[in-house]
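S.K.:
Number of protein chains: 2
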Amino acid sequence: MSALENSRAIRAEILTIGNEVLTGRVVNTNAAYIARRLSLVGVSVKRITVVADDEEEIVAAVRESLSRKPEYLITTGGLGPTYDDISMGAIAKAVGLPLKKNELALSWIQQKIRSENAPLTPEREKMAYLPDPSKELDNPVGVAPGAWIEAGGSDHKTIIMVLPGVPAEMEAMLEKHLLPVLLREQRLFVAEREISVSGIFEAALAPYIKKLVRTDSALYVKTHPKGTADKPSILVHVEYASADKQEAERRAEEAIKAVKEEAQRLGATITRHHNEFAAL
Amino acid sequence: MSALENSRAIRAEILTIGNEVLTGRVVNTNAAYIARRLSLVGVSVKRITVVADDEEEIVAAVRESLSRKPEYLITTGGLGPTYDDISMGAIAKAVGLPLKKNELALSWIQQKIRSENAPLTPEREKMAYLPDPSKELDNPVGVAPGAWIEAGGSDHKTIIMVLPGVPAEMEAMLEKHLLPVLLREQRLFVAEREISVSGIFEAALAPYIKKLVRTDSALYVKTHPKGTADKPSILVHVEYASADKQEAERRAEEAIKAVKEEAQRLGATITRHHNEFAAL
Numbered sequence: 004m005s006a007l008e009n010s011r012a013i014r015a016e017i018l019t020i021g022n023e024v025l026t027g028r029v030v031n032t033n034a035a036y037i038a039r040r041l042s043l044v045g046v047s048v049k050r051i052t053v054v055a056d057d058e059e060e061i062v063a064a065v066r067e068s069l070s071r072k073p074e075y076l077i078t079t080g081g082l083g084p085t086y087d088d089i090s091m092g093a094i095a096k097a098v099g100l101p102l103k104k105n106e107l108a109l110s111w112i113q114q115k116i117r118s119e120n121a122p123l124t125p126e127r128e129k130m131a132y133l134p135d136p137s138k139e140l141d142n143p144v145g146v147a148p149g150a151w152i153e154a155g156g157s158d159h160k161t162i163i164m165v166l167p168g169v170p171a172e173m174e175a176m177l178e179k180h181l182l183p184v185l186l187r188e189q190r191l192f193v194a195e196r197e198i199s200v201s202g203i204f205e206a207a208l209a210p211y212i213k214k215l216v217r218t219d220s221a222l223y224v225k226t227h228p229k230g231t232a233d234k235p236s237i238l239v240h241v242e243y244a245s246a247d248k249q250e251a252e253r254r255a256e257e258a259i260k261a262v263k264e265e266a267q268r269l270g271a272t273i274t275r276h277h278n279e280f281a282a283l
Numbered sequence: 004m005s006a007l008e009n010s011r012a013i014r015a016e017i018l019t020i021g022n023e024v025l026t027g028r029v030v031n032t033n034a035a036y037i038a039r040r041l042s043l044v045g046v047s048v049k050r051i052t053v054v055a056d057d058e059e060e061i062v063a064a065v066r067e068s069l070s071r072k073p074e075y076l077i078t079t080g081g082l083g084p085t086y087d088d089i090s091m092g093a094i095a096k097a098v099g100l101p102l103k104k105n106e107l108a109l110s111w112i113q114q115k116i117r118s119e120n121a122p123l124t125p126e127r128e129k130m131a132y133l134p135d136p137s138k139e140l141d142n143p144v145g146v147a148p149g150a151w152i153e154a155g156g157s158d159h160k161t162i163i164m165v166l167p168g169v170p171a172e173m174e175a176m177l178e179k180h181l182l183p184v185l186l187r188e189q190r191l192f193v194a195e196r197e198i199s200v201s202g203i204f205e206a207a208l209a210p211y212i213k214k215l216v217r218t219d220s221a222l223y224v225k226t227h228p229k230g231t232a233d234k235p236s237i238l239v240h241v242e243y244a245s246a247d248k249q250e251a252e253r254r255a256e257e258a259i260k261a262v263k264e265e266a267q268r269l270g271a272t273i274t275r276h277h278n279e280f281a282a283l
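First to last, the protein sequences are chains C and V. The letter at position 161 of the first sequence is residue 164 when you use this note's numbering, and the numbering goes up by one with no holes. The letter at position 110 of the second sequence is residue 113 when you use this note's numbering, and the numbering goes up by one with no holes.
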């Protein structure tokens, strides 16, 4: 954490909107993902709240969060085309803004559904209605656009970032629209390393990686299972955030080396080793 | 859900206390477990909140929850012996009760640590201090006792159930101290079935089970991986809750049969089949 000490303290809250989380049918991995990514860049998540797809509940939760004055409120869920996807309207209501058809957002939706030969139904058009004013956020993975809303009074500004609940969409939009902003605000660099590990299952490596990341919140490790049941392989992605570019690079290198050695100890072979440095 | 329709609507909230969830190092599986178990018996989880191991945050979150008047508030985390385990004191403060040494809770702690030949340090003795009045809840798996607190004014009563954050301890205490109460309150029966499946991995069966449980909140399926990497096996446990004992039994039987057939289709053999009926 030492490299992050000079960064300004930024507080965030996460609001997960979705009945499936409240019934336990879905584990709230979205909140964990956001929390990990924000922690990496020195942002402190103060609270995670889960409410149903219910206007009254969403309005209340957004207002309660704003009253605690975080710098960021990230919401996930409820942006799709179906009748129970009501998050955008409820969030607009909570901050006293009208919904307005956003032409840029509409053009993105039209482009996506044209490529799928699907008609522009009223349900799909609904997804182009965003709080006015707000900034439309494009969704590189799915259809539903997000929104970036400036809320709060003259004494404090809270950015509300409205994201979909589909994990791949949420992740892509967080990476594209928020993390670069936070890195600039925090004056941080992120060094990245990646290796491919063959011959062992993701589960075999998991305990070591769990232990490794616990030691340092500026370290982020993600594994992606690849290959097949009889030919398992894992893509291991490491990031290290620091105000010092050299330190970021050195620590990322150390981490990927540690993972590599553990994987070899477990009988794996390293099939690919990327060493590119990427400052987001 | 039809069998649950006659049950009284019971609303619950879950408060997860723990820095590890807010940094994303730990996914909030505890909340998902509680939500699944409560949904099974017709209890509606209205909100899940996660806060840090911080007195001010815990006090605020408990008071906010009580202001929404749920019938139950289940808290997890922060009951251990270390300096940052402050949940019991913070919850007591939130409801205006003093902490008092609970002799029964202390005797449980003494018994546990005696069997481990560990000394009764002040940190361990601390775990016997519970809100007064409250009912001590024994922990069949670990050391830290929980508490059952009656909170709220003359117009509404909220039961606050304070549980540890270690999943196995939390689960055992929820099963022992809360679910039987809810089943009685809701006048529900739970039928159970169990099979052992050999020759396939848990992951192979997971998509089918995920689909199966989505259809019916009165159905609960839990799988436990057993065996080894070259000799995998899975223990499949099914529960069905209904006001009608016969219906509970019939539906549990249908569900275990469906799992059995899918497992066989995937190439597994069924090695054990328990048919006992258990009304909790």
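Glycine included, every Cβ here is placed at the ideal spot set by N, Cα and C.
Find the nearest neighbour of residue 50/C within the set 60/V, 43/V and 41/V, judged by alpha-carbon distance.
M.R.: For this step, residue 50/C is matched to residue 47 along the first sequence. Minimum Cα distance to residue 50/C is reached at 60/V.
S.K.: Would you kindly report the start and end of the unbroken beta strand (DSSP E) that includes residue 75/V?
M.R.: Against the second sequence, residue 75/V aligns to sequence position 72. Note, residue 75/V: beta strand (DSSP E), 75-79.
S.K.: In terms of DSSP beta bridges, what is residue 272/V paired with?
M.R.: Locating residue 272/V in the second sequence gives position 269, counting from the first residue. According to DSSP, which records beta bridges pairwise, residue 272/V is partnered with 201/V.
S.K.: In this structure, does DSSP put residue 149/V in helix, strand or coil?
M.R.: What you label residue 149/V is simply residue 146 of the second sequence in a count that begins at 1. Residue 149/V: strand per DSSP, three-state reduction.
S.K.: So with Cβ pairs under 7 angstroms, would you call residue 28/V a contact of chain C?
M.R.: Taking the second sequence and counting its residues from 1, one reaches residue 28/V at position 25. At least one chain C Cβ lies under 7 angstroms of residue 28/V.
S.K.: Within a Cβ cutoff of 7 angstroms, which residues of the same chain sit near residue 271/C, ignoring the five residues on either side of it in sequence?
M.R.: On the first sequence, position 268 is the one that residue 271/C refers to. Cβ neighbours of residue 271/C beyond the five flanking positions: 200, 201, 202 and 203.
S.K.: Give the C-beta separation of residue 45/C and residue 147/C to the nearest angstrom, bearing in mind that I take them to be a contact with Cβ-Cβ under 8 angstroms.
M.R.: Translated into the one-based positions of the first sequence, residue 45/C becomes position 42. Translated into the one-based positions of the first sequence, residue 147/C becomes position 144. The pair is not a contact, with the Cβ atoms about 29 angstroms apart (cut-off 8 angstroms).
S.K.: Looking at chain V, is there any beta carbon in it that lies within less than 7 angstroms of the beta carbon of residue 51/C?
M.R.: Translated into the one-based positions of the first sequence, residue 51/C becomes position 48. For residue 51/C, the answer is yes, since a Cβ of chain V falls inside 7 angstroms of its Cβ.
S.K.: My output table needs one value for residue 282/C: the three-state DSSP class, helix, strand or coil.
M.R.: Here residue 282/C refers to the residue found at position 279 of the first sequence. With a pLDDT of only 36 at residue 282/C, under 50, the local geometry of the prediction cannot be trusted, and the value read off the model is given with reservation. Three-state result, residue 282/C: coil.
S.K.: Buried or exposed for residue 99/V, please, with buried defined as at least 16 other CB atoms from any protein chain shown within 10 angstroms of its CB.
M.R.: By 1-based counting over the second sequence, the position of residue 99/V is 96. So residue 99/V ends up on the exposed side.
S.K.: Using 10 angstroms around the beta-carbon of residue 40/C, count the other beta-carbons present and answer buried if the total reaches 16, otherwise exposed.
M.R.: Stepping through the first sequence from its first residue, residue 40/C is reached at position 37. By the neighbour-count rule (16 or more Cβ atoms within 10 Å), residue 40/C is buried.
S.K.: Taking C-alpha atoms, which residue in 254/C, 68/C and 165/C lies nearest to residue 139/C?
M.R.: Along the first sequence, read from residue 1 onward, the residue named residue 139/C stands at position 136. Residue 165/C is the option with its Cα nearest to residue 139/C.
S.K.: Using a C-beta to C-beta distance shorter than 8 angstroms, which residues of chain V count as neighbours of residue 268/C?
M.R.: Counting from one through the first sequence, the residue named residue 268/C turns up at place 265. Within 8 angstroms Cβ-Cβ: nothing; residue 268/C doesn't reach chain V, min ~17 angstroms.
S.K.: Residue 167/C lies in the beta strand (DSSP E); which residues open and close that run?
M.R.: Looking up residue 167/C in the first sequence gives position 164. Unbroken run through residue 167/C: none, as it is neither H nor E.
S.K.: Straight-line CA distance for residue 75/V to residue 17/V?
M.R.: The count along the second sequence starts at 1 and reaches residue 75/V at position 72. The count along the second sequence starts at 1 and reaches residue 17/V at position 14. Approximately 8 angstroms between the Cα atoms of the pair.
S.K.: Can you pull the chain V residues whose beta carbon is under 8 angstroms from the beta carbon of residue 31/C, in chain order?
M.R.: The residue you call residue 31/C lines up with position 28 of the first sequence. Those are 30, 31, 34, 35 and 51, listed as they occur along chain V.
S.K.: Under a three-way DSSP split, which group does residue 16/V fall into?
M.R.: Taking the first residue of the second sequence as 1, we reach residue 16/V at position 13. Residue 16/V falls in the strand class under three-state DSSP.
S.K.: Taking residue 154/C and residue 161/C to be in contact with their CB atoms under 8 angstroms, please state how far apart those CB atoms are, rounded to whole angstroms.
M.R.: On the first sequence, residue 154/C is found 151 positions in, with the first residue counted as 1. On the first sequence, residue 161/C is found 158 positions in, with the first residue counted as 1. The pair is a contact, with the Cβ atoms about 5 angstroms apart (cut-off 8 angstroms).
S.K.: Could you pull out every residue in the same chain whose Cβ sits closer than 6 angstroms to the Cβ of residue 95/C, ignoring the five residues on either side in sequence?
M.R.: Taking the first sequence and counting its residues from 1, one reaches residue 95/C at position 92. The answer, listed in chain order, is 102 and 134.
S.K.: Kindly provide the ranges of any beta strand (DSSP E) runs that are 3 or more residues long and lie completely inside the segment 209-247 of chain V, ordered along the chain.
M.R.: The qualifying runs are 222-230 and 235-245.
S.K.: Closer than 7 angstroms by C-beta to residue 173/V: which residues in its own chain qualify, once you throw out the five before and the five after it? Chain order, please.
M.R.: Here residue 173/V is taken as the residue at index 170 of the second sequence, counted from 1. Cβ within range, chain order: 33, 79, 166 and 167.
S.K.: Can you tell me whether DSSP reads residue 47/V as helix, strand or coil?
M.R.: As a working mapping, residue 47/V is identified with position 44 in the second sequence. Looking at residue 47/V - three-state DSSP - the assignment turns out to be strand.
S.K.: Check the Cβ of residue 217/V against every Cβ in chain C and list those closer than 7 angstroms, keeping chain order.
M.R.: Within the second sequence, residue 217/V is the residue found at index 214, counting from 1. What residue 217/V touches in chain C: 28.
S.K.: Between the beta-carbon of residue 193/V and the beta-carbon of residue 244/V, is there less than 7 angstroms?
M.R.: The residue you call residue 193/V lines up with position 190 of the second sequence. The residue you call residue 244/V lines up with position 241 of the second sequence. For residue 193/V and residue 244/V, yes; Cβs fall inside 7 angstroms.
S.K.: Who are the neighbours of residue 144/C on chain V, taking C-beta pairs under 9 angstroms?
M.R.: One-based indexing of the first sequence puts residue 144/C at position 141. Within chain V, no residue comes near residue 144/C; the closest Cβ sits about 20 angstroms away, beyond 9 angstroms.
S.K.: Measure the Cβ-Cβ separation of residue 226/V and residue 239/V and say whether it is below 7 angstroms.
M.R.: In the second sequence, residue 226/V corresponds to position 223, counting from 1. In the second sequence, residue 239/V corresponds to position 236, counting from 1. A contact, by the Cβ cut-off of 7 angstroms.
S.K.: With 16 as the cutoff for other CB atoms within 10 Å, does residue 282/V come out buried or exposed?
M.R.: Here residue 282/V refers to the residue found at position 279 when the second sequence is read from its first residue. Because the pLDDT of residue 282/V is 35, which lies under 50, any placement of that residue in the model is unreliable, and the question is left without a value.
S.K.: Is there a Cβ of chain V sitting closer than 7 angstroms to that of residue 42/C, yes or no?
M.R.: Looking up residue 42/C in the first sequence gives position 39. Yes, its Cβ sits closer than 7 angstroms to a Cβ of chain V.
S.K.: Taking DSSP as the reference, what is the three-state secondary structure of residue 100/V?
M.R.: For the purposes of this step, residue 100/V is taken as residue 97 along the second sequence, with counting starting at 1. DSSP places residue 100/V in coil when its eight states are reduced to three.
S.K.: Helix, strand or coil: which one does DSSP assign to residue 124/V?
M.R.: In the second sequence, counting from the first residue as 1, residue 124/V sits at position 121. Coil.
S.K.: What is the rounded straight-line gap between the Cα of residue 195/C and the Cα of residue 259/V?
M.R.: Taking the first residue of the first sequence as 1, we reach residue 195/C at position 192. Taking the first residue of the second sequence as 1, we reach residue 259/V at position 256. If I take the Cα positions, the gap works out to 47 angstroms.
S.K.: From residue 128/V to residue 71/V, what distance separates their C-alpha atoms?
M.R.: Counted from its first residue, the second sequence places residue 128/V at position 125. Counted from its first residue, the second sequence places residue 71/V at position 68. Cα to Cα, residue 128/V sits roughly 34 angstroms from residue 71/V.
S.K.: Roughly how many angstroms lie between the CA atoms of residue 6/V and residue 181/V, to the nearest whole one?
M.R.: Taking the second sequence and counting its residues from 1, one reaches residue 6/V at position 3. Taking the second sequence and counting its residues from 1, one reaches residue 181/V at position 178. Caution applies to residue 6/V, whose pLDDT of 44 falls short of 50 and renders its modelled position unreliable; the value that the coordinates give is listed next. Between residue 6/V and residue 181/V, the C-alpha separation is close to 21 angstroms.
S.K.: Using the C-alpha atoms, what's the distance from residue 116/V back to residue 122/V?
M.R.: Here the question's residue 122/V lines up with position 119 in the second sequence. Here the question's residue 116/V lines up with position 113 in the second sequence. About 7 angstroms.
S.K.: Determine, using beta carbons only, whether residue 93/C comes closer than 7 angstroms to chain V.
M.R.: As a working mapping, residue 93/C is identified with position 90 in the first sequence. So, not an interface residue.
S.K.: Which residues of chain V have a Cβ atom closer than 8 angstroms to the Cβ of residue 48/C, listed in chain order?
M.R.: Numbered from 1 along the first sequence, position 45 holds the residue referred to as residue 48/C. Those are 25, 26 and 27, listed as they occur along chain V.
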